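Below: the structure, in structure tokens.
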Amino acid sequence: MPDDTWAAVADDFADGAYASAKGRVRTSVMHRQLLEHLPAAPASVLDVGGGAGHQSLPLARAGYDVTLLDSSAAMLAKARQRLPAAVRFVEAGAADAVAAVEGRLFDAVLCHGVLGYLERPEPVLDQLCRCAAPGGLVSIMTGNADAAAVRPALEGRWEDALAAFDARTEIGVLGLPTRADTVAELSESLRSRGVEPLAWYGVWLFVDWLDLSGAAPDPAEAERIAAVEFEAGRRDPYRRLSRVFHLVGRRT
Numbered sequence: 002m003p004d005d006t007w008a009a010v011a012d013d014f015a016d017g018a019y020a021s022a023k024g025r026v027r028t029s030v031m032h033r034q035l036l037e038h039l040p041a042a043p044a045s046v047l048d049v050g051g052g053a054g055h056q057s058l059p060l061a062r063a064g065y066d067v068t069l070l071d072s073s074a075a076m077l078a079k080a081r082q083r084l085p086a087a088v089r090f091v092e093a094g095a096a097d098a099v100a101a102v103e104g105r106l107f108d109a110v111l112c113h114g115v116l117g118y119l120e121r122p123e124p125v126l127d128q129l130c131r132c133a134a135p136g137g138l139v140s141i142m143t144g145n146a147d148a149a150a151v152r153p154a155l156e157g158r159w160e161d162a163l164a165a166f167d168a169r170t171e172i173g174v175l176g177l178p179t180r181a182d183t184v185a186e187l188s189e190s191l192r193s194r195g196v197e198p199l200a201w202y203g204v205w206l207f208v209d210w211l212d213l214s215g216a217a218p219d220p221a222e223a224e225r226i227a228a229v230e231f232e233a234g235r236r237d238p239y240r241r242l243s244r245v246f247h248l249v250g251r252r253t
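Per this note's numbering, the sequence shown starts with residue 2, numbered consecutively.
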């Protein structure tokens, strides 16, 4: 593959996955979850590994001061096509975030869908927490290891599903190797870096089950689906069965 690993999947990721009902639901649900904790606009937001800017877009439209950092030139090109001119773009890896933003501290630091592609997430976690201002928010979305058997089971891969109960890695839907975390472990990792967890949510429950079972959700129903997913994502036992989770903490 080319040096820009994401160049090969940029179109599928930005124009396919996120244009689907499932992609729109994820963006909508996570935006609502964020607004429960974010300070009011125009607070500063650093979107680390922000890709094509899908999570940054509603924040920029709401008046937040957004900086999008990503290592992929192809993804940044996609982001520039859809984000307002006021958004700043930084081409750098998540493990170099502090230097790339020249030590600037932000009111909120987002890192959604990144940790799962890292064999060792610790260096990136260090950077995220260091980029948050005192009292600032750290928002992480990653794979839910406690629900790892859901995807292979819904796809009818029963041997893989059985193995997944004790596994942390798989080949993701984009064909790239991924790994998952648990809420408890990631919470402890944040605490050890001076960030106190505030809340966690499930993301992708029913919409994911429909999609993986071959009954693709209707894009016309995205708004209704998002309303149900938002409620499921903050209630037990539903949130524990979501394929990914969203953890929010505050730097002490």
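Note that beta-carbon positions come from the ideal geometry of N, C-alpha and C, so glycine has one too. Here the structure is a predicted model, which is why all the values come from computation and not from measurement.
For residue i, three-class secondary structure by DSSP
i	result
residue 3	Because the pLDDT at residue 3 is just 43, under 50, the model does not fix this residue reliably, and the value given afterwards should be weighed accordingly. Of the three classes helix, strand and coil, the one that applies to residue 3 here is coil, per DSSP.
residue 48	strand
residue 181	coil
residue 243	coil
residue 210	helix
residue 120	coil
residue 156	coil
residue 171	strand
residue 186	helix
residue 56	coil
residue 97	helix
residue 39	coil
residue 127	helix
residue 147	helix
residue 236	coil
residue 61	helix
Continuous beta strand (DSSP E) stretch holding residue i: start and end
i	result
residue 231	Looking at the DSSP string, residue 231 is not in any beta strand (DSSP E); the run it does join, the alpha helix (DSSP H), is 223-233.
residue 219	Counting along the chain, residue 219 falls outside any beta strand (DSSP E), and DSSP gives it neither H nor E.
residue 197	196-204
residue 135	133-144
residue 253	Looking at the DSSP string, residue 253 is not in any beta strand (DSSP E), and its letter there is neither H nor E.
Cβ-Cβ distance between residue i and residue j below 8 Å
i	j	result
residue 67	residue 75	no
residue 23	residue 209	yes
residue 166	residue 202	no
residue 92	residue 116	no
residue 90	residue 83	no
residue 239	residue 211	no
residue 1	residue 86	Lying outside 2 to 253, the shown extent of the chain, residue 1 is not represented and no answer is given.
residue 30	residue 197	no
residue 204	residue 27	yes
residue 113	residue 34	no
residue 108	residue 40	yes
residue 183	residue 171	no
residue 187	residue 253	no
Residues bridged to residue i (per DSSP)
i	result
residue 106	Residue 106 pairs with nothing; no bridge assigned.
residue 115	For residue 115, which the question treats as bridged, DSSP gives no partner whatsoever.
residue 90	69
N- and C-terminal bounds of the alpha helix (DSSP H) containing residue i
i	result
residue 160	159-165
residue 21	That residue, residue 21, is in no alpha helix (DSSP H); it is neither H nor E in DSSP.
residue 193	Here residue 193 belongs to no alpha helix (DSSP H), and DSSP marks it neither H nor E.
residue 75	74-83
Segment contact, 8 Å Cβ cut-off, at least three pairs: the stretch 39-49 with the stretch 97-110: The answer is yes - the stretch 97-110 touches the stretch 39-49, with three or more Cβ pairs under 8 Å.
Check whether the stretch 131-139 touches the stretch 147-158, taking contact to mean three or more Cβ pairs, one atom from each stretch, closer than 8 Å. no
Counting pairs of Cβ atoms below 8 Å between the stretch 183-191 and the stretch 119-134, do you hit three or more? yes
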